[in-house]
Amino acid sequence: MAVSGRINDGDVWSGGVLAALGVYVVLEARQWDYLTPEGPGPGFFPMWYGIALVALSLLLIVGRLRQPRSELEEGVNWQEVSRALGVWLAFALSVALLKVLGFLMAYAALACFVVCVMYRRPLTTGLATGIGGAVLFQLVFPLALDVKLPVGIFGY
Amino acid sequence: MDVLAGLLQGFAVALTPSNLLWCFVGCFLGTIVGVMPGLGPASTIAMLLPLTFQMDPTSAMIMLAGIYYGAKYGGSTTSILLNVPGESASVVTCLDGYQMAKRGRAGAALGIAAIASFVAGTVGVIALMLIAPPLAKMALSFSSPEYFALMVLGLAMVVLLAGASLVKALLAMLLGLWLASIGTDLFTAGSRFTFGHSELLDGIDFVIVAIGVFALGEVLGSMETREDAQVLPVPKGLRNLLPTLAELKACRFAFLNGSVVGFFIGILPGAGSTIASFIAYGIEKAVSKHPEKFGTGIPEGVAAPEGANNSETGGALVPMLTLGIPGSSTTAILLAALVLWGLKPGPLMIQESPTLFWGLVASMYVGNIILLILNIPLIPLFAQILKLPVYVLYPAIFGISVVGVYSVAGSLFDVTLLVVFGLLGYLMRRLDYPAAPLILGLVLGDSMERALRQSLMMSQGELSILVSRPISAIMLGLAALILVLPLLRRVNAWRVKALAENG
Amino acid sequence: MHRHLKTLCAVAIAGLAATTGYAAEYKPTRPIEVVVHTGPGGGADVLARFIAQVVEKDKLAPVRMQVVNKPGGGGLTAMSYVVEKKGEANTIAVFTGNWLTNPLMQQEAKYTVKDMTPIVRLVLEPAVIAVKADAPYKTLREFIEAAKKSPGKLKQSGGSVTSRDNVVRMLLMKTSAANWSFISFPGGGERIAALLGGHVDMMVIEPQEAGEHIRSGNMRVIAQVAERRLHGYPNVPTLKEAGYEIPNIPQVRGVVAPPGMPPEAVAYYEDLFGRVVRTAAWKKYLEDQQFEDGFQKSGELSKFFDEYANRMRTILQEGGVKTVR
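Chains as they are written, first to last, in our numbering: chain Z, 1 to 156; chain G, 1001 to 1503; chain A, 2001 to 2325.
This is the structure in structure tokens:
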């Protein structure tokens, strides 16, 4: 497993987000019935795990802040992170376009992007992977298994 | 009816050429369905129902059952090779299975999964055959307090799955609990955390979270650096394609563990194979001599959950065949099929339709053998998938994930959720939050809350109901033990160290 | 002059015939889409597939029926899908009680059945009230008297708070001034297991689900929730006969269509389903499933929707469930 401490502030930030979530959950839970005459209401469980979320995330943050910073700790490798986030954005975009382009075209575009931009292969490889993959998906899923793929405005 | 006589009669039915063919068809379809993420045995069985009206009910049942337990065999394939759970119960197999594949032992992992499935599946059938009716009666004494205790036991597994940071594991689990409560509250019909989206009224499907967090999180993480090499080392040579004797020996207890745990949890209506896999995995880790190795890719970590989710099918058939009570959505459809064919599933079915019951039982023995024979030679074939270059495989994983999620309900909203969970999975990887507790929280959260509220409604607010009943008390005690055991170990190790230093 | 008049008449008649002929006939040319709100194997799905099978076997339509599953949102996803197919003559949907009740409570619902075109009502599902075979209650009155003696102690297992199980309970509690608690279980299997295991005292269950348990002697039926005695239970009193006059809130299934469906298409489907319910296969299905025939055409169905919604709203509000419509 990775060495803990690879990201200093990550723990603090994520702890903060989780604490905020916990607070939100508790606030929502207060609007529902905590106990009804028949038994615990919908607010019962959320109240407790909301509180636990807040408590544990604060514990995480405090624990992290109290740790002495050693010089051996590296900063965040932003180049790596931006690569991964870039791919995620491309993926999110292709999903957003599913309604318009349909699965096959969106897939081909994403595959092409990954091959050409992420892995710096020539455009021909990218197109081959994308189109080849799309054809395979069409053959396997709708045709052989009768599983519908999202279709776009072009009918595919 | 005498068991031996019944079984002989059953084999006479199951081994006819046409029934053998139907068994094979069912197992084959089941394997494919299991391999494909998102596509489940329930929908396949439902789609094939109209075709079965022309068939003899026994043959039809043999085929449909083949799909049911065949899917459990197939589910491990994508879990091990791609970290994409093929079926909700295969999530646990991802934990060690994928790690084994990363170390070049993909073939061994697939082999162990197949063998564990075979052993456990067979044990499940034997148990079904021998002790079904009395066991069913026992299962009836299980109710909400016992379910609650079972869920607590499951959640105690979090401690075992924690890895380096217990706080982060607990936070992941709490996040999972929150995700589980999104949707409509069963008891009051009020909606929680739906943000106004009607698509969230039924909650978030487990498959979406599992595929997003596991598969996509992993892919995004791997894309941080541009590796030109192949994704995973391809196992070369027959020796690497199959488990070694040493590995099989290490799994001895895991086979037993998976079989027993899976079967007993399967009997309980409503408890699922996912819970069975988690608990089997947890027990295996708890009794292991090297618990810290779990999660890094050891064979027992594959054998225990895979065995559990297979013997669970045998268990789930117990209430269905002996009482006419469906335990899961798949058994509910099988039950509906029996009714549609004019049979009467219930306590009297075994006596009135012995051919069906014994034919089915015998066919399950045959089916497990067929599946073992089907799956082992497929291993080298599947392992070839790993030969694909990274830039082909990763987009394919994106594509399969989308198709898998879309096939659940045909909803693009679900796919959008998948994108969100993919990001979550990546962030969790980056920040060292373990993913397994999140899944555990998601799976158990709902059931646990329900069981607790039902229990308190039954006892009118008395918490003592949870410990006054023997079974739930035992399970809660076990959970407490599991929580305390690692602590004891640590205390013991510290004591030993202190003694050594002083002596 | 006569010649012109004749031609004029001929043309007029031909024109009249042409226009009425054009308006009178609707025939589907593509497979009919039947939308259901459950996944494969769910109640509505099984019914839709059965109807499709009957239509195909007896060749009641020139095209086949294709079941489209749109699960999610407690039925709201399917409802939105249907309403958004406005004007489509090729799409119909199977509705169940959920479609009528859920929008009353869910803020997230965008549409109700009133936004759709009613076609036919098909079946009413009766229910029976069952207890474990060794329970001390032989009649419903005994159960209710016991409940009155220890309020809140007796328990009933059932589905969600808005399901028919609970509606029957709330109505019975209101007329009898008794009180017993309701424990929700999401699956039918769990509800039955709770009763047979002795963890709850009573449940409302569909006759076809209960059949085998009664036959094997594990369950006893003490009353039936139906207008007339079901032929499977000739010795069990209905609620009215047992002395409890409560409005009949049946579990219903039928067919609706998108809004704006042309009247010829509506007439076509009414006629089609009219023929379906007359087939032998359908009659056998009703018998096997122990459903009551509740055939109504679109006019009556529309009135039924209003009545049902109003009654349901009152019942829910009196039972303490929040309604938003």
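Quick reminder that beta carbons are idealized off the backbone N, C-alpha and C, glycines included.
Judged by beta-carbon spacing, Met1061 (chain G) lies within the 7 Å limit of Leu1360 (chain G), meaning their Cβ atoms are closer than that value. Inclusion of Glu2033 (chain A) and Pro2258 (chain A) in the CB contact set at 7 Å is not warranted, their separation being larger than that value. The beta carbon of Phe1011 (chain G) sits closer than 7 Å to the beta carbons of Ala1362 from its chain, once the five residues preceding and following it are set aside; these are given in chain order. Taking the CA atoms as reference points, Leu1483 (chain G) sits about 29 Å from Glu1087 (chain G).
With fewer than 16 other Cβ atoms from the protein chains shown falling within 10 Å of its own Cβ, Phe1053 (chain G) counts as exposed.
Ile1032 (chain G) places its beta carbon 7 Å or farther from that of Ile1067 (chain G). Within the same chain, Cβ atoms closer than 6 Å to the Cβ of Val12 (chain Z) are found at Ile61 and Arg64, the five residues on either side in sequence being excluded. Excluding sequence positions up to five before and after Phe1142 (chain G), its CB lies within less than 6 Å of the CB of Leu1268, all in the same chain and listed in chain order.
The C-alpha of Leu98 (chain Z) is placed about 41 Å away from the C-alpha of Glu2125 (chain A). Excluding its 5 nearest sequence neighbours in each direction, Met1223 (chain G) has C-beta neighbours in its own chain below 8 Å: Tyr1394, listed in chain order. Sequence-distant Cβ neighbours of Leu1029 (chain G) in its own chain, meaning closer than 6 Å and more than five residues away, are Ile1067.
Spatial neighbours of Lys2085 (chain A) in its own chain (CB-CB distance under 7 Å, excluding positions within 5 residues in sequence) are listed in chain order as Thr2091 and Pro2258.
Residue burial annotation: Phe1195 (chain G) is exposed, with fewer than 16 other C-beta atoms found within 10 angstroms of its C-beta. For a cut-off of 8 Å, the C-beta gap from Gly1327 (chain G) to Gly2189 (chain A) is around 6 Å, short enough to register as a contact. Leaving aside the five residues that flank Leu1039 (chain G) on each side, the residues in its chain whose CB is nearer than 8 Å to its CB run, in chain order, Val1033, Gly1404 and Ser1407. The C-beta separation of Arg2253 (chain A) from Leu2122 (chain A) comes to about 5 Å, placing the pair in contact by the 8 Å criterion.
For Glu2307 (chain A), no Cβ of chain G is located within less than 7 Å of the residue's own Cβ. With the criterion set as a beta carbon lying under 8 Å from some beta carbon of chain G, the members of the segment 2098-2113 of chain A are Met2105, Gln2106, Gln2107, Glu2108, Ala2109 and Lys2110, in sequence order. Asn2310 (chain A) counts as exposed, since fewer than 16 other C-beta atoms from the protein chains shown sit within 10 angstroms of its C-beta.
For Ala2078 (chain A), same chain residues with a beta-carbon under 6 Å away, outside a window of 5 residues either side, are Val2035, His2037 and Lys2070 in chain order. Look at Gly43 (chain Z) here: in three-state DSSP terms it is coil, with no helix or strand label. The DSSP-derived three-state label of Thr1330 (chain G) is helix. Interface flag for Glu38 (chain Z) against chain A is set, since a Cβ pair is found closer than 7 Å.
For the pair Val2266 (chain A) and Ser1311 (chain G), the Cα-to-Cα distance works out to about 51 Å. Membership of Gln2251 (chain A) in the beta strand (DSSP E) is indicated by the continuous run Gln2251 to Ala2257. When secondary structure is reduced to three states using DSSP, Arg1192 (chain G) falls in the strand class. Leu1220 (chain G): member of the alpha helix (DSSP H) spanning Gly1217 to Ser1222, first to last residue. Per DSSP, the continuous alpha helix (DSSP H) segment holding Gly1154 (chain G) begins and ends at Ser1144 to Leu1160.
Comparing alpha-carbon positions, the option among G:Ala1500, G:Val1158, G:Ala1451 and G:Leu1110 lying closest to His2199 (chain A) turns out to be G:Ala1451. For His2037 (chain A), not one C-beta of chain G is nearer than 7 Å to its own C-beta. With respect to chain Z, the C-beta atom of Ser2181 (chain A) has a partner C-beta closer than 7 Å. At least 7 Å separates the CB of Glu1462 (chain G) from every CB of chain A.
For Ser1198 (chain G), no beta strand (DSSP E) run applies, since DSSP gives it neither H nor E.
Interface with chain G (7 Å Cβ-Cβ cutoff): Leu101 (chain Z) is excluded.
Around the beta carbon of His2213 (chain A), a 10 Å sphere encloses 16 or more other beta carbons of the protein chains shown; the residue is thus reported as buried. Our two residues, Val1003 (chain G) and Pro1017 (chain G), have alpha carbons roughly 24 Å apart in a direct line.
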